[in-house]
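A short write-up of the structure that comes next.
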């Protein structure tokens, strides 16, 4: 590193900042500040044995360091905030930047930043930088976490920190007063909150269909035919469960949109809020869709694997030997199975396309109309192809009594219910008369305005 | 949401903004502005029945609201701009931010922003925020559309809106005077303009090769051998069309680059513009390549599916029974087919790599040299491997007369023409003498400068 | 383009900028500046024959142009800097922006910007914009390279250029004084520096295992059994080498983390630096993992291809005919092979998930806890599944003497060493007692502090 961030004679206009704490974050932040042209002084418990600091930085006691700068960045864990009270006189009127995070949610009654403010009431505490890691500061923001959330009660203090962050090449988002600090502090601790519900649904569906098919296939064969086909659990059964869950989850992506449209048509306005469960459901459509794609991906791999399985190789050999002359080529079967595969592949390709367009960088590059075209038009086409794929799989088995072992329908029939309903409802939605009404409602038209205009009911 | 964006006593320095309209966008924008520390007042047609507004915002009539703020954000559809004329006196000298979009292109003779300016000539209209959706404002900019295009005639008005947008965590791009508003307004309405040409080419090629191969395979078999193999349309035929279209489109990616180089060598300068069609072609290379990757992906899936097809399983069984002793293992065939598969897989893997590097977030992380290395060197290697894969497929069938049914060459021969030409030309380009000339031209050297230096022709 | 960036009467506050050079970058930069509302004047060697310039820009001689503006952007190759000395008097006290790049590293003893500063000592040289291409300036920053590195010795000069860049919608990162210019200039020339080591490791491992398996399989069969199975090189051998290299490289991803933890436990502090080789290794884990994913992808394709190979089809046919009655279905084999495949597929799916989360745009959208959950927890699960997959492949062959041809173990046994070690060590790390000690060390606790607290050794 040939960086010489400070010249021989530092020009007087370079601002001096104080950093409390010489841990990873303190050092990385100091190094970046020095590179950006600030002067940096560290405040430390033991100024003489605090390990290697970035070249160009000074280190002294907390009290001395605090006196020199107008902005003090506190890179210390909350457990060690007690020393702050001694420094309080020197911190009067200064901007205190709290960068701390907790190791768990709900450890303390109040947020770290509010606690710090209560310790030093005479300073202006600003919460910032807690979403930025030492690692990303060191390695430059080329592909690092750049978003900084800011909150605080004093506008000038926030402005000072905002400028600081902007100079560091970070992107600042103001989250309001210091009472928002709790939320800001919880942000780095969150673990896929928006994935929870979709993951629960996926797990529930997988478990249900696994046991359902286990009973219908393996246990039925054992009880009724006294055959042990338990080895089929690993691949055959999995390859039945995965496509079923995938198709149901894909249709669950598009069901709330249809329900919202029906609700808007029924109410005749778009200005009334949806019920909470529907709002919540609509917000996790992307996650539902991506999980569905994951299951579809597994289904494709399991299907392509079929011919190299020991069981299948054995069956081919055995079958060949036994049924020498019996095989007669059936063109209808060839058409049906080939269509079945072809529709499935095209559906999967569209599925992958939908997945790619929901990558943040891709969806950000799309205009709103492009995004809705892909997610709505192509999405429904994908659902149509995948549903068709499943119907072609069933073909004429729907009416054959032997299909219904122990009076239960096979898994693929169960999984066709939701997608079929979604597709039929969507078809109704795109009928010209319904589509027109919906379009007007979505542009702000209301059936029963306060002046009584437009009171004609739209649907029976 | 425990956000309390406004403290008990709002400090006087918080700026007051006025929003006309209480629709989705108006509410979301207001909420974000309140969070960021602004004060917000809504202007509404019916201030007493305008539904739920963000906590902390006031609502009053348009006239009253307009008087209070220096900046008025107009979140109203253009159809309802008529009320603006009544408010005109209060808007004199103020900054009017037009955020509107139309539902279609070309609905009105002039842009909404220019129309608004003509209604209120005494205000400074700035077009902004029309690419930002209510949804992304509500959910924070973590993966939202952040780009704001700005245009307007008054520099100070633009500066005020620029600051506003920057504070909201958005990224601002100035597009010039208000006459650019039409372009800015059309942006959210565009539907993959740069994908049009590549999609047309792909559709055209697919249709041509589909009918060509339908005639050569299915109809030929029906007419000459009286066999119905129409079921092969779904998989076998598709799996011939897709790789052909993929290879041609991949080579069409690299053809314009070679043509541009030849043109530069011929002209002896890089400072003359390419013909428009070549410019247009070069700008859609990425889209051509990604479509080609899509077709290659389908080809891989269709190929891997082969052994589980009913037709193939039948053939294996039948063939086994008939040709008991005749099968003799041919090492050359084993070498050829394995090389054919291996080269194809490696080509596809590179193809996928090229696709991944054209994701916006990946290509942005690459330096210019890295990007051109991947797209040029690896791209040509991919083309070479895929072409080789096709040659290995043909092998010794090129000279066999029975290949040419009804005197037409098979599809894979047709599709080899363009890639072979591109590869041969590219090979000529990397010859040391040509490469050196080209390098000098691209560094700004001109064969026939005004002073007459460097007049030696570079190519015959 | 209906852009009319300059109105009829340009308001006086529009700043005038001077650009030296009318090449691609000069023109594109000028066009963008004009759109953003600046006035632009070009300085050119031949003001009357310099080709098409953006509408609205003026062109004059270097001397005349330099006099008009306070900021001069030098879009000229370093080789032509000689003319600058003539213009030196006009450049006194002005901000000179050096945007140049070199075609190779180490061409000149000093950076271009420092050279320019030495030519015109009375001006303030700022290095900037060299990472931005003409292409991305023309096409807007929607998915372009936006990052601008800035360095220079004068703070006010840097501030002026920073504002300029921000207005252009670019994101600025200050890299310190002008002595950092060399690094900034080398940035666009770098060619995957962080991929070098992982690529070397991958190449080395591939070469070693290729020759090792060539000897054990092909040459052994030729020498001992006098059979020519050289055709197996293309697919069978490749499909042995790829998974081996993939598994080893995946475990090399997780080995340094385990080693670092052991080192921290041994030292009892996190404040001592790791050895350089370990630091270097830890920084290229992502690249190691992505290469491993690439090899795994190839392994999957090669495996799924097996049944359509000529050799396999031949073997199936031949085997069928010969072993008519001998085949007995073995349930254990069915369980084993199906588990082997199933575990492999699940491992690969997790592998792909890891790959997707390391896309810059995805990893930026994750909180720190989410990222470490995916990369650490899911990463080790992937390693576990892939190792299990390999053990299931080996099954009972570990103890069979015939496996050890020429006294060498098969490739898959060799490749199990590193992952097994990593997994065992990781298992030790998550034991409650070790985990607790490690957690305390990582929160800043030190075993032998200066005051002597916490001196209990943690591990024997």
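Residue numbers (this note's numbering), protein chains in the order written: chain A, 4 to 463; chain B, 4 to 463; chain C, 4 to 463. Beta carbons are placed, not taken as given, at the ideal position from N, Cα and C, and that holds for glycine.
Could you compute how far the alpha carbon of residue i sits from the alpha carbon of residue j?
{"i": "residue 443(C)", "j": "residue 449(C)", "result": "8 Å"}
{"i": "residue 221(B)", "j": "residue 301(B)", "result": "21 Å"}
{"i": "residue 225(A)", "j": "residue 218(A)", "result": "10 Å"}
{"i": "residue 57(B)", "j": "residue 367(A)", "result": "27 Å"}
{"i": "residue 431(B)", "j": "residue 190(C)", "result": "31 Å"}
{"i": "residue 73(A)", "j": "residue 53(A)", "result": "23 Å"}
{"i": "residue 147(B)", "j": "residue 169(B)", "result": "Annotation note: pLDDT 45 at residue 147(B) (below 50); position unreliable, coordinate value reported separately. Roughly 15 Å separates the two Cα atoms."}
{"i": "residue 81(B)", "j": "residue 165(B)", "result": "23 Å"}
{"i": "residue 21(C)", "j": "residue 178(C)", "result": "24 Å"}
{"i": "residue 32(C)", "j": "residue 61(C)", "result": "14 Å"}
{"i": "residue 120(C)", "j": "residue 383(C)", "result": "53 Å"}
{"i": "residue 351(C)", "j": "residue 344(B)", "result": "21 Å"}
{"i": "residue 200(C)", "j": "residue 334(A)", "result": "56 Å"}
{"i": "residue 296(A)", "j": "residue 314(C)", "result": "34 Å"}
{"i": "residue 342(C)", "j": "residue 396(C)", "result": "10 Å"}
{"i": "residue 117(A)", "j": "residue 128(A)", "result": "8 Å"}
{"i": "residue 187(B)", "j": "residue 88(B)", "result": "24 Å"}
Is it the case that the Cβ atoms of residue i and residue j are separated by a distance below 9 Å?
{"i": "residue 171(A)", "j": "residue 35(A)", "result": "yes"}
{"i": "residue 184(B)", "j": "residue 154(B)", "result": "yes"}
{"i": "residue 216(B)", "j": "residue 370(A)", "result": "no"}
{"i": "residue 243(B)", "j": "residue 415(B)", "result": "yes"}
{"i": "residue 474(B)", "j": "residue 353(B)", "result": "No answer is possible for residue 474(B): the residues shown for chain B start at 4 and end at 463."}
{"i": "residue 100(C)", "j": "residue 75(C)", "result": "yes"}
Apart from the five residues on each side of it in sequence, which residues of its chain come closer than 6 Å, Cβ to Cβ, to residue i?
{"i": "residue 91(C)", "result": "123"}
{"i": "residue 94(C)", "result": "69, 123 and 126"}
{"i": "residue 256(C)", "result": "288, 291 and 292"}
{"i": "residue 141(B)", "result": "31"}
Contact check, residue i vs residue j under 8 Å by CB: the rounded distance?
{"i": "residue 1(B)", "j": "residue 263(B)", "result": "Shown here, chain B extends from 4 to 463; a query on residue 1(B) therefore has no answer."}
{"i": "residue 102(A)", "j": "residue 19(A)", "result": "18 Å between Cβ atoms; not a contact."}
Which residues in the same chain as residue i place their Cβ atom closer than 7 Å to its Cβ, once the five residues preceding and following it in sequence are excluded?
{"i": "residue 281(B)", "result": "259, 262 and 263"}
{"i": "residue 209(B)", "result": "244 and 248"}
{"i": "residue 408(B)", "result": "219 and 223"}
{"i": "residue 30(C)", "result": "56 and 57"}
{"i": "residue 163(B)", "result": "74 and 98"}
{"i": "residue 195(C)", "result": "none"}
At a CB-CB cut-off below 7 Å, which residues of chain F make contact with residue i?
{"i": "residue 274(A)", "result": "Of the protein chains in the structure, A, B and C, none is chain F."}
Examine the ligand HEM and report whether any of its heavy atoms sits within less than 8 Å of the Cβ of residue i.
{"i": "residue 21(B)", "result": "Of the ligands one can find in the structure shown there are none, so the ligand HEM has no counterpart to examine."}
Under 8 Å Cβ to Cβ from residue i, same chain only, skipping five residues before and after it: list those, please.
{"i": "residue 107(C)", "result": "192"}
{"i": "residue 360(A)", "result": "366, 369, 374, 377 and 378"}
What are the residues of the region 192-207 of chain A that lie near chain C, defined by any Cβ-Cβ distance shorter than 7 Å?
-> 192, 193, 194 and 195
Listed in chain order, which residues of the region 208-230 of chain B have Cβ atoms closer than 8 Å to some Cβ of chain A?
-> Per Cβ criterion, the list is empty.
Contacting positions in the region 303-314 of chain C - beta carbon closer than 8 Å to chain A | So the list reads 303, 306, 307, 309 and 310, given in the order they occur along the chain.
Near-chain A residues of the region 345-364 of chain B - C-beta to any C-beta below 8 Å = 362, 363 and 364
The region 23-44 of chain A: which residues have C-beta closer than 7 Å to a C-beta of chain C, in chain order?
-> 26, 38, 39 and 40
Taking a cut of 7 Å between CB atoms, which residues from the region 175-190 of chain A lie near chain B?
-> 175, 176, 177, 178, 179, 180, 182, 183, 185 and 186
Mind checking the region 371-404 of chain A against chain B and listing, in chain order, the residues whose C-beta falls within less than 7 Å of any C-beta there?
-> Within the region 371-404 of chain A, those residues whose Cβ lies closer than 7 Å to any Cβ of chain B are, in chain order, 371, 372, 373 and 376.
Proximal residues, the region 232-244 of chain B versus chain A, C-beta separation under 7 Å = Correct list: 234, 237, 238 and 241.
Which residues, in order along the region 105-128 of chain B, keep a beta-carbon less than 9 Å from a beta-carbon of chain A?
-> Look at the region 105-128 of chain B: the residues with a C-beta under 9 Å from a C-beta of chain A are 106.
What residues in the region 46-78 of chain B have a beta carbon less than 8 Å from any beta carbon of chain A?
-> 49, 52, 54 and 55
Positions along the region 128-139 of chain A whose CB lies within less than 7 Å of some CB in chain C = Answer set for the region 128-139 of chain A: 136.
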